[in-house]
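Notes follow once the structure below has been shown.
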Amino acid sequence: MSETVLFIELVKNIGFPAVIFAIWYIYHKSQAKIFEEVLKNNFSVLKDLLETNQQHTSLLTRIENKIDANLWCPFIKKEIKSQKRRVESE
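The opening position of the sequence shown corresponds to residue 1058 in the numbering used here, with each subsequent residue numbered one higher.
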């Protein structure tokens, strides 16, 4: 309400440039709100992407550990189990 009273007083005292200023001010205010919403949305999307990236990293680490321990291939897994049984039986 105070902004409209201010704009009316400016139009009475200054004239047409005050109208231009009022239009620019309203436009700027709306664009600032839109920009703020875009920033909030981008932040939430980036937060979700970061969580997804962390999950992928943990899964890739597990896969890498399995590969390093030769537990990835089922044939090698069977061979390792059979070797352990032989060693235990001896």
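Beta carbons: idealized from backbone N, C-alpha and C, even for Gly.
Review point. Would you report the Cα separation of I1137 and I1120, rounded to the nearest angstrom?
Key: The straight-line gap from Cα to Cα measures roughly 18 Å.
**Study point:** Any alpha helix (DSSP H) of 4 or more consecutive residues that is wholly inside the stretch 1093 to 1130
**Key:** If we require 4 residues or more, the stretch 1093 to 1130 turns out to have no alpha helix (DSSP H) run fully inside it.
Exercise for review: Kindly indicate the opening and closing residues of the alpha helix (DSSP H) around I1065.
Suggested key: Per DSSP, I1065 belongs to the alpha helix (DSSP H) from S1059 to N1070.
Review point. Would you report the Cα separation of A1075 and Y1082, rounded to the nearest angstrom?
Key: Those two C-alpha atoms are separated by around 10 Å.
Practice item. Say whether chain D places a C-beta atom closer than 8 Å to the C-beta of Q1088. Key: The chain labelled as chain D is not found in the depicted structure, where only one protein chain is given.
Check your understanding: Can you round the beta-carbon distance between F1100 and A1079 to whole angstroms, since I take them to be within the 8 Å contact cut?
Key -> At roughly 32 Å, the Cβ-Cβ gap does not stay under 8 Å, so F1100 and A1079 are not in contact.
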